[in-house]
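> Below is a structure I'd like to ask you about.
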Amino acid sequence: MRSHEAGALHGQSGDRGPAWLRTPEDPNELVPHLWASSVSKIEGVLTVAGESATDLAAEFGTPTYVVDEDDFRRRARGFKEAFPDADVYYAGKAFLCVATARWIAEEGLNLDVCTGGELAVALRAEFPPERIGLHGNNKSVAELRRALEVGVGRIIIDSVEEIDRLSDLSAELGVMAPVMIRVTAGVEAHTHEYISTSHEDQKFGFSITGGAALDAVRRVVAEPGLELRGLHSHIGSQIFVTDGFEVAARRVLRLHAEIEKELGVAMPEFDLGGGFGIAYTTQDDPSTPDDLARGMLKIVDDECAAMGIALPHLSIEPGRAIAGPSTFTLYEVGTTKSVSLDGGASRRYISVDGGMSDNIRPALYGADYSCTLASRDSGAPALLSRVVGKHCESGDIVVKDEFLPGDVRAGDLLAVPGTGAYCRSLASNYNHVPRAAVVAVREGEARVIVRRETEDDLLALDIG
Numbered sequence: 003m004r005s006h007e008a009g010a011l012h013g014q015s016g017d018r019g020p021a022w023l024r025t026p027e028d029p030n031e032l033v034p035h036l037w038a039s040s041v042s043k044i045e046g047v048l049t050v051a052g053e054s055a056t057d058l059a060a061e062f063g064t065p066t067y068v069v070d071e072d073d074f075r076r077r078a079r080g081f082k083e084a085f086p087d088a089d090v091y092y093a094g095k096a097f098l099c100v101a102t103a104r105w106i107a108e109e110g111l112n113l114d115v116c117t118g119g120e121l122a123v124a125l126r127a128e129f130p131p132e133r134i135g136l137h138g139n140n141k142s143v144a145e146l147r148r149a150l151e152v153g154v155g156r157i158i159i160d161s162v163e164e165i166d167r168l169s170d171l172s173a174e175l176g177v178m179a180p181v182m183i184r185v186t187a188g189v190e191a192h193t194h195e196y197i198s199t200s201h202e203d204q205k206f207g208f209s210i211t212g213g214a215a216l217d218a219v220r221r222v223v224a225e226p227g228l229e230l231r232g233l234h235s236h237i238g239s240q241i242f243v244t245d246g247f248e249v250a251a252r253r254v255l256r257l258h259a260e261i262e263k264e265l266g267v268a269m270p271e272f273d274l275g276g277g278f279g280i281a282y283t284t285q286d287d288p289s290t291p292d293d294l295a296r297g298m299l300k301i302v303d304d305e306c307a308a309m310g311i312a313l314p315h316l317s318i319e320p321g322r323a324i325a326g327p328s329t330f331t332l333y334e335v336g337t338t339k340s341v342s343l344d345g346g347a348s349r350r351y352i353s354v355d356g357g358m359s360d361n362i363r364p365a366l367y368g369a370d371y372s373c374t375l376a377s378r379d380s381g382a383p384a385l386l387s388r389v390v391g392k393h394c395e396s397g398d399i400v401v402k403d404e405f406l407p408g409d410v411r412a413g414d415l416l417a418v419p420g421t422g423a424y425c426r427s428l429a430s431n432y433n434h435v436p437r438a439a440v441v442a443v444r445e446g447e448a449r450v451i452v453r454r455e456t457e458d459d460l461l462a463l464d465i466g
C-alpha cells in the first residue's frame, strides 16, 4: 500500500483508526489494566485514592501528573517479592524525585542512577549510597569522583576511557571502585530503535562479538583499584516477552564461563537489566512480575546448569513497570475542531493545555496512549478523536487515536494513563511553557512532590 504523501500520521482515515482500536459500547468506561489500582469513575468523574479529578484540577491546575503512591509502592514490592533472591534496582531515569527515591528505599529496593543530577536527588533523599548503582555511557570525572566519595555500591563501566578514569580516581582517593562491565549481547529486543539497546550498532557497552567485552574484563582485572563484580546486560525497553532475555543470558553466561576459565576470576554477579513493558493502550498485554521471574530465573538456572557454572547473584532494573502505570496526566480541553480528509472522512481534533512539553514520547518514537473524559459523564456516542497539545508543531500529539464522547468541549478534563515513566523525565520548556507539577495521592490526601514551574523560574535562568 502506498504511504500517504503527508506522512504516516495522516495515512489512516479519520473515522476508522488503527486496526487494534475497537469502538467501545460506552466511551465513559475505563479499561482497568491501563490505570493505577485505585482509579475509578464516580458518576462519570475520574477518582484516584479518594480524590476526584475535578478537585485535583481546581487545587493544583493543569496539566498535572497525578501519582497513586500506593500503586507505585505496590508495584515496587511486586518485583521485590517476585525476585526474592535478586537485587531489584529501580531505574531512576523513568522518573525520579526526592519523594519517589524515599518510597523506593522504604520498599527495600536499590536505585539505579545514570547522571550526577540523579545521584544528587538520591543523596538529597538520603538514599543509602551502598544501594545505588551508577550507569551512563559518558560519565564525567566529576560524576565518578562523587560516586566514589559517597560510596555507591557499584559503577557500571561502559568504555575504555572510563576504566582509566576510575583507575586514576581510585588511586587518588585511596578507595576500591566496585564495578560491573556492561556488555552488548547482539540481541534485537523487537521494540523501537531508540529504546533497543543491546544490538551491536549503538552506543552502550562492550560487544561480546569480536572480543571487546573480554578485552575490557582483562583491563579491569589488571587494575589494582578496581573490584570486578560481574557483567551487566540490558537489551532494551517496553519488552513484553522473555525470548530476548534468553538469548542474551546465554551469551553473557558463556562470557562468564570464559572469563573464569581463562583468567581464573570469579564473576559473582549478573545484571539482567530491565525494560519490562506496560500497557499504554488495549493492544498491550504486559507480563506480571511473577511471570517475568518464572521465565527469567528458569532461563538463568538452565543455562548455568548446561554450562556447569555456579549460579551468579542476579539483579534486575525495572523502572517503567513501576512508575508508568501508577500515574496519569490531567489536562483541560481548550478547543475542538473537525478536519475534512480524503474520501469524505474527517478527523476530530481536541486540543489540551499541555502536549509535547510534558509528554514527548508520541513525537519522539510514535508512542501510543489512551485517554478518558475525566470530569463528567456523557451520553453522547463515541467519536474517534485525536488529542493534541498547544505547541507549535504538527507532531504535537498527545493521543493519536481514541474514542471519546462526541460532546467533549472546552473546559472538560481529559486524563491520559500510563504517563509515570519518561514523561516528566523528558519534559521540556518548549515554547517557554513551564513544566507541570507532580502530585501524589494517598488515602484521600493529595500533595505536591514536584512543584509546577512558573514564568519567574524561566526568567530567572535568562540572565540577558
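Residue numbers (the working numbering): 3 to 466. Heads up, the beta-carbon is just placed ideally off N, CA and C, and yes, glycines get one too. Note that the structure is a prediction, hence the values are computed from the model and not measured.
On the three-state DSSP scale, how would you describe Thr102?
helix
> Candidates Ser169, Ala84, Pro130 and Asp458: which alpha carbon is nearest Glu225's?
Ser169
> State the start and end residues of the unbroken beta strand (DSSP E) segment that holds Arg350.
Ser348 to Val354
> Of the residues Ile324, Gly357, Tyr432 and Ser387, which one's Cα is nearest the Cα of Lys82?
Ile324
> Using the rule of at least 16 other Cβ atoms within 10 Å of the residue's Cβ for burial, across every protein chain shown, is Cys394 buried or exposed?
Exposed, by the Cβ-count rule.
> Just how far apart, CA to CA, sit Arg449 and Val440?
9 Å
> Kindly list the residues whose CB is nearer than 6 Å to the CB of Trp37, restricted to its own chain and excluding five residues on each side of it in sequence; keep chain order.
Pro419
> Any idea what DSSP makes of Lys300, helix, strand or coil?
helix
> Output the distance between the C-alpha atoms of Ile261 and Leu216, rounded to the nearest integer angstrom.
Ile261 and Leu216 have their C-alpha atoms spaced approximately 7 Å apart.
> Looking at Arg454: is its Cβ nearer than 8 Å to the Cβ of Ala429?
Contact: no.
> Taking only the alpha-carbon atoms, compute the straight-line gap between Gly13 and Glu447 and give it to the nearest angstrom.
Note that Gly13 scores a pLDDT of 47, beneath 50, so its modelled location is shaky; the value from the coordinates is reported in the next line. Rounded to the nearest angstrom, the two C-alpha atoms are 44 Å apart.
> Could you check whether Ile318 and Gly279 sit closer than 8 Å to each other, using their CB atoms as the reference points?
no
> Could you give the distance in angstroms between the alpha-carbon of Ser306 and the alpha-carbon of Ala88?
Note on residue identity: the sequence assigns Cys, not Ser, to residue 306. Using only the alpha carbons, I get a separation of about 16 Å.
> According to DSSP, is Ile183 helix, strand or coil?
strand
> Please report the straight-line C-alpha distance between Asp114 and Asp293, rounded to a whole angstrom.
Going from the Cα of Asp114 to the Cα of Asp293 covers about 23 Å.
> Is His234 helix, strand or coil by DSSP?
strand
> Indicate the three-state DSSP secondary structure (helix, strand or coil) for Arg467 in the structure shown.
Only positions 3 to 466 of the chain appear in this structure, which leaves residue 467 out of reach.
> Within 10 angstroms of its Cβ, does Ile465 collect 16 or more other Cβ (buried), or is it exposed?
exposed
> Just the C-alpha distance for Ile362 and Gly227, rounded to the nearest angstrom, thanks.
41 Å
> Rounded C-beta distance between Leu416 and Leu375? I'm assuming under 8 Å.
6 Å
> Give the straight-line distance between the Cα atoms of Gly357 and Val400, rounded to the nearest whole angstrom.
6 Å
> DSSP on Ala312, reduced to helix/strand/coil?
coil
> Compute the beta-carbon to beta-carbon distance between Val123 and Val90, rounded to the nearest angstrom, for a pair I have assumed lies under 8 Å.
Actually they are not in contact, since the Cβ atoms of Val123 and Val90 sit about 19 Å apart, beyond 8 Å.
> On the three-pair Cβ rule with 8 Å, is the region 284-293 touching the region 377-385?
no
> Can you tell me the Cα-Cα spacing of Asn365 and Gly397, whole angstroms?
Note on identity: in this sequence residue 365 is Ala, with Asn being the wrong assignment. As the crow flies, the alpha-carbon of Ala365 is around 6 Å from that of Gly397.
> So, for Ser42: in the same chain, excluding its five sequence neighbours on each side, which residues have a beta-carbon less than 6 Å away from its beta-carbon?
Thr49
> Using 10 angstroms around the beta-carbon of Pro314, count the other beta-carbons present and answer buried if the total reaches 16, otherwise exposed.
buried
> Where Leu125 and Arg322 are concerned, what is the direct C-alpha to C-alpha distance, given to the nearest angstrom?
Straight-line Cα distance between these residues: approximately 22 Å.
> Return helix, strand or coil for Leu23, following the three-state DSSP convention.
In the three-state DSSP reduction, Leu23 falls in the coil class, being neither helix nor strand.
> How many whole angstroms separate the CB atoms of Arg104 and Ala127, which I take to be in contact at a CB cut-off of 8 Å?
Contact between Arg104 and Ala127 holds: CB atoms are separated by about 5 Å, below the 8 Å threshold.
> Within 10 angstroms of its Cβ, does Glu109 collect 16 or more other Cβ (buried), or is it exposed?
buried
> Note down the Cα distance separating Gly206 from His137, rounded to an integer number of angstroms.
The question names Gly, but residue 206 in the sequence shown is Phe. Looking at the two C-alpha atoms, the distance is approximately 10 Å.
> Taking only three categories from DSSP, how would you classify Lys141?
coil
> Excluding the 5 residues preceding and the 5 following Trp22 in the sequence, name in chain order all residues of the same chain whose CB lies nearer than 8 Å to its CB.
For Trp22, where only same-chain residues beyond five positions count, the Cβ hits under 8 Å are Thr283, Thr284 and Gln285.
> Tell me whether Leu461 is buried or exposed, calling it buried when 16 or more other Cβ atoms sit within 10 Å of its Cβ.
exposed
> By Cβ distance, which residues of its chain are closer than 7 Å to Glu164, with the 5 residues on each side in sequence left out?
Lys141
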